[in-house]
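Structure, as structure tokens:
Structure below.
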């Protein structure tokens, strides 16, 4: 379920301390019911999907991702010199000392994402290309009924006018195709991992 931006901005996440020049683009409640200490399982699941390059669970979503990657290759949007540490400094450079000294989070392999930090109730990872610098924030929140679930926020800083136009152009596809497919995939994988979580 898509949520208001305030569902992210009104909670005391540490991510707020160093992303004042980013905009909260999307906030979603994730179909991942669990206990108070289950964020580690969700982080592991999301990290595995990122490393594996999961692009959705429908032909339409896979086609959209394929088109995006092809355009990126043709136009140079995703070249190494457009990413973190090249065109864009990492947000790791902005981290408060305690976050910098703490757990960074999982290795995301050869993907465009890299972990920023991980705490008991939140994890953040960043990526950048020619169009945007983006942060994925996964929080673990009480559900009001004695349980907890994940909440995902996407924060962006577009690269100039072109980046802003690009984000506006892909918004309908994100809401109609990409995010619904992503939510189904996350929910299905979460349910499949339930015996493992329970056994732990």
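Residue numbers (my numbering): 465 to 664. Note that beta-carbon positions come from the ideal geometry of N, C-alpha and C, so glycine has one too.
Check, Outcome
"Hey, how far is the Cα of residue 622 from the Cα of residue 663?", "43 angstroms"
"Using three-state DSSP, classify residue 604 as helix, strand or coil.", "strand"
"Roughly how many whole angstroms lie between the Cα atoms of residue 591 and residue 577?", "5 angstroms"
"Using a Cβ-Cβ cutoff of less than 8 angstroms, which residues in the same chain neighbour residue 564 once the five nearest sequence positions on both sides are dropped?", "556, 581"
"Quickly, what does DSSP pair residue 647 with across the bridge? List them, please.", "According to DSSP, which records beta bridges pairwise, residue 647 is partnered with nothing at all."
"Considering just the uninterrupted stretch of the beta strand (DSSP E) at residue 614, what are its terminal residues?", "612-622"
"Can you give the Cα-Cα distance for residue 498 and residue 614, rounded to whole angstroms?", "9 angstroms"
"Closer than 8 angstroms by C-beta to residue 566: which residues in its own chain qualify, once you throw out the five before and the five after it? Chain order, please.", "581, 582, 583"
"Thinking C-alpha only, which one of 661, 656, 660, 650 is nearest residue 465?", "650"
"List the DSSP bridge partners of residue 578.", "590"
"So, is residue 486 buried or exposed, given that buried needs 16 or more other C-beta atoms within 10 angstroms?", "buried"
"Alpha carbon to alpha carbon, how far is residue 481 from residue 596?", "20 angstroms"
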